[in-house]
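Residue numbers (our numbering): -7 to 115. In this text, a Cβ means the ideal position worked out from N, Cα and C, and glycines have one as well. Step one of this worksheet: look at the structure below.
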């Protein structure tokens, strides 16, 4: 099964995503913001997928995704957001156009998350 890094400043979201993934047999590392996400990615090997929230303190998800794609181009990234528009731009569409492998709109179901995970990971 996969080792998944989950970055979200909302503890309830991290808990839910961890529960969804662990109940399907995956391992989960959690971080609260973009700075912690980049720190973990620089120190921990064997992460198979990153699930990153767009709106986070210290470094937003779009900036994190762009840095990760430069440093670890092989790492699949799923970007999630509970909504929000910036200057009439849909944040998930922006993330997708900048290289997110998949996007998820919150709230999402366990099946939606696992379907996206399967699409991002090699068989």
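Query                                                                                                         : Result
Cβ-based neighbour list, residue 6, same chain, cut-off 7 angstroms, excluding 5 preceding and 5 following    : -2, 0 and 22
Nearest residue (CA-CA) to residue 51, options 113, 30, 35 and 106                                            : 30
Pairwise C-alpha distance: residue 19 and residue 120                                                         : Residue 120 lies beyond the range of the chain shown here (-7 to 115); nothing can be said about it.
Opening and closing residue of the beta strand (DSSP E) in which residue 20 lies                              : 19 to 23
Buried versus exposed call for residue 73 [16 or more other C-beta atoms within 10 Å across all chains shown] : buried
CB contact flag (residue 93, residue 70, <8 angstroms)                                                        : yes
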